[in-house]
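These notes concern the structure reproduced below.
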Amino acid sequence: MASTTTTTTTTLATIVIVACLLASGPPEADAVITCGQVVGYISSCLPYARGGGAMPSKCCPGVRALNGAARTIPDRQQACKCIKSISRGVSIRYASSIPSKCGLSLPYALSSKTDCTK
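If you use mature numbering (1 follows the signal peptide of the UniProt record, and there is no 0), the sequence shown corresponds to residues -31 to -1, 1 to 87, in order.
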């Protein structure tokens, strides 16, 4: 049971971050964003997403920069996959608050069933 809860929490937290990416502009070409870039943008958010406390000052600029950098569908799909790969231990409670704390609004409900290929 704890394993399922942890997996669901991790998945939901990942979706919060990915949702920021999905709100960006129209698709263009092939993915050019790398996992290294994605991690660089959001790594400062991970301590907050894992345990709360004060949100690091570099978190929101990183989330906004990632949102701006992942403009194409392939970039957003790649970013989603990268974020999922580093999302272990992330709390949905804290991660879900990041978009609003960073001034980003999401036009849809978050779901643990978000598919990075769409």
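Heads up, the beta-carbon is just placed ideally off N, CA and C, and yes, glycines get one too. This structure is a prediction, so every number in the text was calculated from the model and none was measured.
Between the beta-carbon of I67 and the beta-carbon of A39, is there less than 8 angstroms?
Residue numbering aside, residue 67 sits at position 98 when the sequence shown is read from its first letter. Residue numbering aside, residue 39 sits at position 70 when the sequence shown is read from its first letter. No, they are not a contact pair.
Give the straight-line distance between the Cα atoms of V59 and C14, rounded to the nearest whole angstrom.
What you label residue 59 is simply residue 90 of the sequence shown in a count that begins at 1. What you label residue 14 is simply residue 45 of the sequence shown in a count that begins at 1. Approximately 10 angstroms, taken between the alpha carbons.
To which residues of the same chain is V8 closer than 8 angstroms at the C-beta, ignoring the five residues directly before and after it?
Residue mapping note: residue 8 aligns to position 39 of the sequence shown, counting from 1. Apart from the 5 residues on each side of it in sequence, V8 sits with its Cβ closer than 8 angstroms to the Cβ of C51 and I55 in its chain, given in chain order.
Could you check what DSSP says for K70 in three-state terms: helix, strand or coil?
As a first step, residue 70 is located in the sequence shown; it is residue number 101 there, counting from the start. Looking at K70 - three-state DSSP - the assignment turns out to be helix.
Segments assigned beta strand (DSSP E), at least 3 residues, entirely inside the stretch 40 to 67
none
I need the straight-line Cα distance from A34 to D84, nearest angstrom please.
Translated into positions along the sequence shown, residue 34 becomes position 65. Translated into positions along the sequence shown, residue 84 becomes position 115. Distance between the alpha carbons of A34 and D84: 22 angstroms.
Would you report the Cα separation of C28 and S74, rounded to the nearest angstrom?
Numbered from its first residue, the sequence shown carries residue 28 at position 59. Numbered from its first residue, the sequence shown carries residue 74 at position 105. The alpha-carbon atoms of C28 and S74 are separated by roughly 16 angstroms.
Cβ of A(-1) within 8 angstroms of Cβ of P30?
Walking along the sequence shown from the start, residue -1 turns up at place 31. Walking along the sequence shown from the start, residue 30 turns up at place 61. Not closer than 8 angstroms, so no.
From S69 to G5, what does the alpha carbon distance come to, in whole angstroms?
Walking along the sequence shown from the start, residue 69 turns up at place 100. Walking along the sequence shown from the start, residue 5 turns up at place 36. In a straight line, the C-alpha of S69 is about 25 angstroms away from that of G5.
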